[in-house]
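Trainee: I have a structure here, written as C-alpha cells, and I will follow up with some questions on it.
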Amino acid sequence: MPDVAAYAIDSPTGHYARTTITRRDPGPTEVFFDIHYAGICHSDIHTARGEWGPINYPFVGGHEIAGIVSRVGSEVTKFKVGDRVGVGCFVDSCGECEMCRQGEEQFCTAGPGEGAVWTYNGIGRDGLPTAGGYSTGITVEQDYLMRVPDSVSLEHAAPLMCAGITTYSPLKRWGAGPGKRVGIVGMGGLGHMGVQFAAALGAETIVFGRTLSKRDDGLKLGASDYVSTQDRDAMKALRGTFDLIVTTVSDGTDLDGLLGLLKAHGVLVNVGLPEKPSSLRLGVLTGQAKVLAGSNIGGIAETQEMLDFCAEHGLAPIVEIIPADGIDEAYDNVVASKVRYRYVIDASTI
Ligand SMILES: [Zn+2]
Ligand SMILES: [Zn+2]
Numbered sequence: 001m002p003d004v005a006a007y008a009i010d011s012p013t014g015h016y017a018r019t020t021i022t023r024r025d026p027g028p029t030e031v032f033f034d035i036h037y038a039g040i041c042h043s044d045i046h047t048a049r050g051e052w053g054p055i056n057y058p059f060v061g062g063h064e065i066a067g068i069v070s071r072v073g074s075e076v077t078k079f080k081v082g083d084r085v086g087v088g089c090f091v092d093s094c095g096e097c098e099m100c101r102q103g104e105e106q107f108c109t110a111g112p113g114e115g116a117v118w119t120y121n122g123i124g125r126d127g128l129p130t131a132g133g134y135s136t137g138i139t140v141e142q143d144y145l146m147r148v149p150d151s152v153s154l155e156h157a158a159p160l161m162c163a164g165i166t167t168y169s170p171l172k173r174w175g176a177g178p179g180k181r182v183g184i185v186g187m188g189g190l191g192h193m194g195v196q197f198a199a200a201l202g203a204e205t206i207v208f209g210r211t212l213s214k215r216d217d218g219l220k221l222g223a224s225d226y227v228s229t230q231d232r233d234a235m236k237a238l239r240g241t242f243d244l245i246v247t248t249v250s251d252g253t254d255l256d257g258l259l260g261l262l263k264a265h266g267v268l269v270n271v272g273l274p275e276k277p278s279s280l281r282l283g284v285l286t287g288q289a290k291v292l293a294g295s296n297i298g299g300i301a302e303t304q305e306m307l308d309f310c311a312e313h314g315l316a317p318i319v320e321i322i323p324a325d326g327i328d329e330a331y332d333n334v335v336a337s338k339v340r341y342r343y344v345i346d347a348s349t350i
C-alpha cells in the first residue's frame with residue numbers, strides 16, 4: 001500500500017499540517033499517479049471548514065488534480081506509466097445507471113457510495129474515506145481519469161478539472177457560439193475560465209463584475225466588454241439583449257436583474273452555490289419564456305473534451321503557484337476574493 005505525504009486539517013477551525021496517508025494499491029483496472037499540482041477550489045474550503053455539514057477529520061482537500069502515472073494495474077488499457085493525467089471532483093460511479101450511461105457520471109444514482117464517489121469526503125470502493133489531492137499520489141480507476149494534452153501544462157490542467165468543466169459544460173449545453181451574446185457573471189476562478197470558453201466558442205462575451213477592478217484581465221481573456229453590475233445605466237442599456245448568462249457568484253445574486261438582461265427564451269445558468277435561499281419573481285420567467293437553469297461540473301467525456309478544447313484554442317487558467325504550507329493563507333485569500341485567479345499547490349512542497 002503506497003504511503004503518500006499529504007496536508008490535512010483536523011477540525012473546522014484547524015490548520016493544515018503535513019501528515020502521511022495510505023492509498024490503496026492499484027487494482028487491475030486502476031492507476032496510481034504522482035500528483036504534481038492541485039488547485040484550491042472554494043468547495044474545498046466550505047467542506048474543510050464544515051460549512052456544508054459535518055465531515056470526518058482529518059480531511060485532505062483537493063479535487064483539481066494533475067500529475068504523472070507511475071503505476072498501472074494489470075488490466076489497465078487506457079494509460080501507461082509516464083502519461084500525464086488529471087482527476088476532478090469524482091473518482092468513481094456505478095457506470096450502469098441512466099446518468100452514467102449518458103456520460104453524466106456526476107449525477108450517478110447508484111455508485112458504491114449511492115452515487116458518484118467524490119474525490120474527497122466520499123467513501124471509495126475499498127470502503128475507506130476518500131482523500132483529495134493535497135498529497136503526493138492517488139489511486140484512481142482508469143475510467144475516471146482524464147488525459148492532459150501535451151500543450152497544456154500540469155499546473156494549468158489542475159484547475160480545469162473543476163473550474164474549467166464547471167463553466168465549459170453549461171456554455172456548451174446552452175449553445176454559446178457565433179451570433180450569440182453571452183454574459184459571464186463574476187470574474188473569479190470560475191468566471192475567468194468562463195469568459196475564455198465563451199469567447200473561444202465564438203460568442204460575443206460580456207463580463208459582469210461588482211467593480212471594474214478586473215476589467216483589463218476580462219478584456220484580455222476575450223470579453224468584448226466588462227460591465228459593473230452597480231452601473232445602473234449600463235445595466236439598463238443591456239436589458240433584453242443576452243441569449244445566455246452564466247453566473248458564478250455565490251452571494252448577492254440579483255436573479256431578477258440578470259433575468260431582465262435576457263432576450264425572450266434566454267437562459268440564465270447558475271453554477272454558484274449560494275448559502276442563502278434566493279428570491280425570484282416567477283413572472284419574470286413566464287413573461288418572455290425565459291429559462292433559469294443550474295449546472296454541476298460535467299461528465300468524464302465532456303471533461304476530456306474541455307481539456308482538448310483548451311489545447312486547441314490555447315486556453316489556460318491564470319494561476320498562482322503556492323507551497324503546501326501556504327494553504328491556510330490561500331483559503332483566507334479565496335474567501336476574501338483576493339486570488340487572481342486560482343491557487344495551485346506545488347505538490348513537490350508537500
Ligand atoms: Zn471545485
Ligand atoms: Zn451510475
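Note that the sequence shown ends on residue 350 in the working numbering; no numbers are left out. Positions of the beta carbon are idealized from the N, C-alpha and C atoms, including for glycine. Small disclaimer: the values here were computed from a predicted structure and weren't measured.
Is there at least one non-hydrogen atom of ligand 2 closer than 6 angstroms to the beta-carbon of Ser93?
Mentor: Here residue 93 refers to the residue found at position 93 when the sequence shown is read from its first residue. Checking the Cβ of Ser93 against ligand 2 gives yes.
Trainee: Going by beta carbon distance, what residues of the same chain come within less than 7 angstroms of Glu155, once the five residues before and after it are set aside?
Mentor: The sequence position of residue 155 within the sequence shown is 155, counting from 1. Excluding positions up to five away in sequence, the list reads Tyr37, Val319, Ile321, Val344.
Trainee: Here's a check: name, in chain order, each residue in its chain whose Cβ is nearer than 7 angstroms to the Cβ of Leu212, leaving out the five neighbours to either side.
Mentor: Start at 1 with the first residue of the sequence shown, and residue 212 comes out as number 212. For Leu212, where only same-chain residues beyond five positions count, the Cβ hits under 7 angstroms are Tyr226, Ser228.
Trainee: Taking three-plus beta-carbon pairs below 8 angstroms as touching, is the stretch 161-171 in contact with the stretch 30-50?
Mentor: Yes, since at least three Cβ pairs between the stretch 161-171 and the stretch 30-50 fall closer than 8 angstroms, the two stretches touch.
Trainee: Which partner residues of Tyr7 appear in the DSSP bridge assignment?
Mentor: Start at 1 with the first residue of the sequence shown, and residue 7 comes out as number 7. In DSSP, Tyr7 forms a bridge with Arg18.
Trainee: DSSP three-state call for Leu262: helix, strand or coil?
Mentor: Here residue 262 is taken as the residue at index 262 of the sequence shown, counted from 1. Looking at Leu262 - three-state DSSP - the assignment turns out to be strand.
Trainee: Do Asp231 and Gly137 have their beta-carbon atoms positioned less than 7 angstroms apart in this structure?
Mentor: Residue mapping note: residue 137 aligns to position 137 of the sequence shown, counting from 1. Residue mapping note: residue 231 aligns to position 231 of the sequence shown, counting from 1. Contact flag unset, no.
Trainee: Are the Cβ atoms of Ile194 and Ile206 separated by less than 7 angstroms?
Mentor: Working through the sequence shown from its first residue, we reach residue 194 at position 194. Working through the sequence shown from its first residue, we reach residue 206 at position 206. It is worth fixing the name first, because residue 194 is Gly in this sequence and not Ile. Result no, Cβ atoms of Gly194 and Ile206 do not sit closer than 7 angstroms.
Trainee: Express the C-alpha separation of His265 and Phe242 in angstroms, rounding to a whole number.
Mentor: As a working note, residue 242 is residue 242 in the sequence shown. As a working note, residue 265 is residue 265 in the sequence shown. So the two alpha carbons sit approximately 10 angstroms from each other.
Trainee: Just mark Ala330 as buried or exposed, buried being the case when its beta carbon has 16 or more other beta carbons within 10 Å.
Mentor: In the sequence shown, the residue the question calls residue 330 occupies position 330. By the neighbour-count rule (16 or more Cβ atoms within 10 Å), Ala330 is buried.
Trainee: Thinking just about the alpha-carbon of each residue, which of Leu273, Val246, Ser278, Lys263 is nearest to the one in Asp254?
Mentor: To locate residue 254, count along the sequence shown from 1; it is residue 254. Of the candidates Leu273, Val246, Ser278, Lys263, the one whose C-alpha sits nearest the C-alpha of Asp254 is Ser278.
Trainee: When DSSP labels each residue in this structure, what does Leu280 get in the three-state scheme?
Mentor: Taking the sequence shown and counting its residues from 1, one reaches residue 280 at position 280. Three-state DSSP puts Leu280 in coil, outside helix and strand.
Trainee: Excluding the five sequence neighbours on either side, which residues of its own chain have a C-beta within less than 6 angstroms of the C-beta of Met187, listed in chain order?
Mentor: Looking up residue 187 in the sequence shown gives position 187. Excluding residues within five positions, the ones whose Cβ falls inside 6 angstroms are Val207, Gly209, Lys214, Gly218.
Trainee: Consider the C-beta atom of Ala110 and the heavy atoms of ligand 2; say whether any pair is separated by less than 6 angstroms.
Mentor: Position 110 of the sequence shown, counted from the start, is the residue given in the question as residue 110. It does: the Cβ of Ala110 is within 6 angstroms (strictly closer) of some heavy atom of ligand 2.
Trainee: What is the DSSP secondary structure of Gly67, reduced to helix, strand or coil?
Mentor: The residue you call residue 67 lines up with position 67 of the sequence shown. It is a strand residue.
Trainee: Given Arg49, which residues of its chain have a CB within under 7 angstroms of its CB, disregarding the five upstream and five downstream residues?
Mentor: As a first step, residue 49 must be located in the sequence shown, where it is residue number 49. Only Pro12 meet the Cβ criterion.
Trainee: Do Cys97 and ligand 1 come close, with the Cβ less than 6 angstroms from some heavy atom?
Mentor: By one-based count along the sequence shown, residue 97 stands at place 97. Checking every heavy atom of ligand 1 against the Cβ of Cys97, none is found closer than 6 angstroms.
Trainee: Gly272: which of Pro159, Val246, Gly260, Gly62 sits nearest, CA to CA?
Mentor: Taking the first residue of the sequence shown as 1, we reach residue 272 at position 272. For Gly272, the nearest C-alpha among the options comes from Val246.
Trainee: Need the endpoints of the beta strand (DSSP E) that Gly309 sits in, please.
Mentor: On the sequence shown, position 309 is the one that residue 309 refers to. The displayed chain sequence assigns Phe, not Gly, to residue 309. Taken as a continuous stretch (DSSP letters only), Phe309 belongs to no beta strand (DSSP E), being part of the alpha helix (DSSP H) at 300-313.
Trainee: Quick one: residues with CB closer than 5 angstroms to any heavy atom of ligand 1, in chain order, please.
Mentor: Having a Cβ closer than 5 angstroms to some heavy atom of ligand 1 are Cys41, Ser43, Cys162.
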